[in-house]
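Asks: Here it is, the structure in full.
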Amino acid sequence: MAVFADADAPLRARNVCEAMDLPLTPNNINNIRTKLKRLTRHGILTEIEPGQFTTAQPLPPGEPPPPPRSLPTRG
């Protein structure tokens, strides 16, 4: 979370890997992306564009959270 506190723009999984000094391998990037998606589902982060994450903004009192975004289906 410190990575997002220091960021002045939305971050991608690759940016988080770089900030955490992880090797930029596909496995590490995918693992971080999975964790960022999980934090998004828990309301800790927000995915403002596909693959771009930022800290979630607190909701005003009494305002319900937005519904989760559904993923497009393959057809």
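Residue numbers (the UniProt record's numbering): 1 to 75. Positions of the beta carbon are idealized from the N, C-alpha and C atoms, including for glycine. Here the structure is a predicted model, which means the values were calculated and not measured.
(1) Grouping DSSP H, G and I as helix and E and B as strand, with all else coil, what is T25?
(2) Which residues mark the beginning and the end of the beta strand (DSSP E) in which residue 114 is found?
(3) Is the beta carbon of I29 closer than 8 Å to that of A5?
(4) Per DSSP, which residues does G40 bridge with? Please list them.
(5) Quick check on I48: buried or exposed, where buried means 16 or more other Cβ atoms within 10 Å of its Cβ?
Replies: Looking at the coordinates:
(1) coil
(2) As shown, the chain starts at 1 and ends at 75. That puts residue 114 outside it, with no answer to give.
(3) no
(4) Looking at the sequence provided, one finds Thr at residue 40 rather than Gly. BP columns for T40 are empty, so no partner.
(5) exposed
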